[in-house]
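In this note's numbering, the protein residues as written are 9 to 464.
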């Protein structure tokens, strides 16, 4: 047996745990980032959240519905909103709501009178799905006995969506929590007695009055934030998927303005209360704990800021390279992730993570990844004629489609075949096959030469 000893010299780059986590944060969409920050917020007393636009809004209760209004706006009275909606056409919605609720009842179980009472009570629901009337005051004008009304109301309260026919927000939320199996009486006490303090972000006050930690209050807020304050919306809401853009772009005076669409999450910062506690504490173990939590909070906040800067720089570069496309003056130019990475002096994997799953909104919403394409071969003369200013070599598929469309629009009385179109593109320095031309023509919904000839 012959033993050989060999020394291999190999260079490897090893990422630290923090670097890996930072890259993972960069890859998150805004919706995913909200979940990440919420988990950090619940676990780390050193993190505090506030909202620049509404200082009394607390994280975990800001839930955006398809209507576009926040959780707080949905259950606090808003006179301006009520006035704006006063003249809205609601007949169709009310019919849908009534039909949905009555469809859950077994018709044969109830008398005609009971069904009429239920029909009447459904008409008494407010725009949130709450039943705010006193049965005593309804008995006389309705012509029904108070006991009859109470019996039917009890039946209706068991219908879906859970929380329908509640007296108020507190009862609505409590019903939803009980349906989820929650039995924490302090949580229910918070809803019944300290909802105003909760809405004003007075976590410390709630903590003292209920005799629980601020971390526990945050967990309660997280639970409540996932509930539906307007049960009627579950009936009204249409089945539709909405794209929430991660980046909002505007243009003023020829200058791009890029902003990350994350203001609705609120602003995360260090808790002044726990910072003071850390400074005043003499307990070594407590100091170690606070230091670990503070280091983690700093790391998380730095990751979010780094993510914002990186995405902004990448989007600004993309906008400059694809200015004609965004301004409607031309098709997408060929652009690869490597091109943007080289311009910014960053690794291509950073670009890949930054654009993953994210949408940009400027006049319309578009997936960032869809803006990148592989350049097809083209001669130097074709690239120059394309007016690409030499930033990126080659011709994109969109540019080829545009050229095909222009050729067909000016072909005259003798339609050009796909082969002839390929030849003309070749004369301009763009080398594509007849089959490729056929594919692009079909994507443009343009008939073939024979069909076009029949239309002349």
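Don't be surprised by glycine CBs; every beta carbon is placed ideally from N, CA and C.
Non-local C-beta neighbours of residue 178 in its own chain, meaning closer than 6 Å and more than five positions away in sequence, comprise 199, 200 and 203, ordered along the chain. It is roughly 14 Å from the alpha-carbon of residue 272 to the alpha-carbon of residue 37. The DSSP assignment places 241-244 as complete runs of the alpha helix (DSSP H) inside the region 237-284, in order along the chain (cut-off: 4 residues). Residue 375 and residue 130 have their C-alpha atoms spaced approximately 43 Å apart. About 30 Å separates the beta carbon of residue 253 from that of residue 137, a gap too long to meet the 8 Å contact definition. Our two residues, residue 266 and residue 103, have alpha carbons roughly 44 Å apart in a direct line. In its chain, beyond the 5 residues on either side, 218 have a beta carbon closer than 7 Å to the beta carbon of residue 197.
Around the CB of residue 134, fewer than 16 other CB atoms lie within 10 Å, so the residue is classed as exposed. Taking C-alpha positions only, residue 107 is separated from residue 225 by approximately 39 Å.
Inter-segment contact for the region 340-351 and the region 318-327 is present: three or more beta-carbon pairs are separated by less than 8 Å. Straight through space, the alpha carbons of residue 123 and residue 44 are spaced by roughly 48 Å. Between residue 381 and residue 405, the CB-CB gap stays under 8 Å. Secondary structure of residue 54 (DSSP, three-state): coil.
Bounds of the beta strand (DSSP E) holding residue 375 are 372-375. Taking a cut-off of 8 Å on C-beta distances, the region 294-303 touches the region 46-56, as three or more cross pairs fall below it. In the DSSP assignment, residue 231 is bridged to no other residue. Residue 180: member of the alpha helix (DSSP H) spanning 177-187, first to last residue. Ranked by Cα distance from residue 461, the options 425, 450, 437 and 436 are led by 425. Under the three-state reduction of DSSP, residue 290 is assigned to coil, being neither helix nor strand. Burial state of residue 421 is exposed, judged by a 10 Å Cβ sphere holding fewer than 16 other Cβ atoms.
As a beta-bridge residue in DSSP terms, residue 138 pairs with 174.
Look at residue 128 here: in three-state DSSP terms it is helix. Secondary-structure assignment with DSSP links residue 367 through a beta bridge to 375.
Within the model, the alpha-carbon separation for residue 313 versus residue 50 is close to 20 Å. Residue 354 sits in coil when the DSSP states are folded into three classes, being neither helix nor strand.
For residue 149, the enclosing alpha helix (DSSP H) starts and ends at 143-150. Ranked by how close their Cα comes to the Cα of residue 342, the residues 284, 335, 329 and 316 have 329 in first place. According to DSSP, residue pairing for residue 381 in a beta bridge involves 343.
DSSP, read as helix, strand or coil, puts residue 220 in coil.
Taken through DSSP and simplified to helix, strand or coil, residue 454 comes out as coil. Spanning the alpha carbons of residue 242 and residue 352 requires a straight line of approximately 46 Å.
At the C-beta level, residue 144 and residue 154 come within 8 Å of one another. In the assembly as shown, residue 236 is a buried residue. Its beta-carbon has 16 or more other beta-carbons within 10 Å. Here the C-alpha atom of residue 305 lies approximately 24 Å from the C-alpha atom of residue 234.
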